[in-house]
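In this note's numbering, the protein residues as written are 5 to 192.
Heads up, the beta-carbon is just placed ideally off N, CA and C, and yes, glycines get one too.
Beneath this line is the structure, given in structure tokens, with notes to follow.
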């Protein structure tokens with residue numbers, strides 16, 4: 005049932021102000037442009053009429069990148085509204101090293117799976133690519149549904165450090181060239 009895969013999140017970042025539609029681009033969302041709930045807070049609607057993972061991600065890409073291709077951090081505060089009708093289910097996260105909205109690395113968290121709490125991967129030319137991806141339990145447990153939490157990636161040369169609420173979840177190999185750009189995503 006395609007309607008059983010309803011996912012929504014609200015996302016905010018102190019680092020990038022997303023006050024108006026020109027500040028970001030979005031794709032594959034149920035509505036063409038995420039609603040701006042209040043200054044710097046976006047609501048993503050990942051209710052595309054398809055099934056995960058074939059339907060990919062609803063994603064928002066900040067139309068601003070760091071001027072240098074050097075080490076950087078990208079973080080976002082996330083709030084899972086609901087998926088499958090409940091707040092403790094979902095796949096929301098951040099993407100980084102984005103050449104554009106169709107080519108990037110990502111990490112998302114699962115509110116419903118303690119054994120595979122995080123998942124890494126890439127999107128290449130708009131298609132999911134799981135080659136070299138990682139999944140495992142989160143050191144600080146599954147993220148809460150119906151509450152804000154912070155996700156951060158620190159791109160450091162050939163390595164990427166992934167954090168939730170300042171707790172290191174995993175260090176992985178960087179798979180794409182360093183690009184100081186990215187955004188937030190939720191599974192459709």
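| Query | Result |
| --- | --- |
| Quick check: does the Cβ of residue 131 come within less than 7 Å of any heavy atom belonging to the ligand PLP? | By its list of ligands, the structure shown contains no ligand whatsoever, and the ligand PLP lies outside what it can speak to. |
| Do you know how far the Cα of residue 105 is from the Cα of residue 174? | 24 Å |
| For residue 181, does the count of other Cβ atoms within 10 angstroms reach 16, so buried, or fall short, so exposed? | exposed |
| Please go through the same chain and pick out, in chain order, the residues whose beta-carbon is closer than 7 Å to the beta-carbon of residue 159, but skip the five residues on each side of it. | 75, 76, 100, 101, 178 and 182 |
| Report all residues from its chain with a CB closer than 7 Å to the CB of residue 97; omit the five preceding and five following residues, and keep chain order. | 110, 111, 112, 113, 155 and 189 |
| Go through its chain and collect everything with a Cβ distance to residue 167's Cβ below 6 Å, but skip five positions before and after it. | 156 |
| In whole angstroms, give me the CA-to-CA distance for residue 170 and residue 151. | 16 Å |
| Pick helix, strand or coil for residue 115, following the three-state DSSP scheme. | coil |
| Let me check understanding here. Comparing Cα to Cα, which of 127, 57, 187 and 94 lies closest to residue 121? | 94 |
| Tell me the residue span of the beta strand (DSSP E) that contains residue 104. | 95-104 |
| Which of helix, strand or coil does DSSP assign to residue 20? | Unreliable positioning characterises residue 20 in this predicted model, as indicated by a pLDDT of 44, which lies under 50. A coordinate reading is not provided. |
| Can the beta-carbon of residue 146 be found closer than 8 Å to that of residue 185? | no |
| Give me the Cβ distance between residue 149 and residue 92, rounded to the nearest whole Å; I'm assuming they're in contact under 8 Å. | 4 Å |
| Can you tell me where the beta strand (DSSP E) holding residue 168 begins and where it ends? | 163-168 |
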